[in-house]
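Each number in the numbering used here comes from the position in the sequence shown (counting from 1) with 26 added on.
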Amino acid sequence: MAAQAFYLEEQSNPEQDRYVFAYTIVIQNHGNVAARLLNRHWIITDANGKIEEVRGEGVVGEQPYLRPGEGFQYTSGAILETSVGSMRGSYQMLADDGMTFDASIPPFVLSIPRTLH
Numbered sequence: 027m028a029a030q031a032f033y034l035e036e037q038s039n040p041e042q043d044r045y046v047f048a049y050t051i052v053i054q055n056h057g058n059v060a061a062r063l064l065n066r067h068w069i070i071t072d073a074n075g076k077i078e079e080v081r082g083e084g085v086v087g088e089q090p091y092l093r094p095g096e097g098f099q100y101t102s103g104a105i106l107e108t109s110v111g112s113m114r115g116s117y118q119m120l121a122d123d124g125m126t127f128d129a130s131i132p133p134f135v136l137s138i139p140r141t142l143h
């Protein structure tokens, strides 16, 4: 699992406490059994400690099916009230052998780029 976040300056409005971020997630099936991503659960925290939980079916309107060794990449977004925050979460997976399991997404940072003068 890999995550990379990007600040979307053109969609943000710091004067109104609106900071828009895109993030790209790469998931990979390292197991021996194919599995489908059923649901997502995100925990998004801003610099003020405000926590937003997001639950839903699939990702970006899809429920990708990953055979062993296959991967899936998608890009989505989040809006914060602060210039820094973090996301973490999990995907609920259903393997072809009938087992369900959670694939964890380690925390990653959402942050505007820093400028040195």
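For glycine and all other residues, C-beta sits at the position ideal for the given N, C-alpha and C.
In the structure shown, what three-state DSSP assignment does residue i receive?
i	result
Q118	strand
E96	coil
H143	Note that H143 scores 48 on pLDDT, short of 50, meaning its location in the model is unreliable and no value can be drawn from it.
Q42	helix
Q89	coil
E107	coil
Suppose the cutoff is 6 Å on Cβ atoms and the five residues either side in sequence are ignored; what does the same chain contact list for residue i look like?
i	result
Q54	G97
S38	R44, Y45, V46
P133	S112, R114
Y117	L63, R66, A129
Just to confirm, is the Cβ distance from residue i to residue j under 8 Å?
i	j	result
G111	H67	no
G103	F47	yes
L63	V85	yes
Q99	V52	yes
I138	M27	no
N74	T108	yes
E79	I69	yes
Between which residues of its own chain and residue i is the CB-CB distance below 8 Å, once the five residues before and five after are set aside?
i	result
D122	V59, A60, A61
For residue i, which residues from the same chain have a beta carbon less than 7 Å from its beta carbon, with the 5 sequence-adjacent residues on both sides left out?
i	result
Y91	A60, R62
Quiz prompt | Segments assigned beta strand (DSSP E), at least 3 residues, entirely inside the region 44 to 74 | solution = Under the rule that a run must span 3 or more residues, the beta strand (DSSP E) segments found entirely inside the region 44 to 74 read 45 to 54, 61 to 72.
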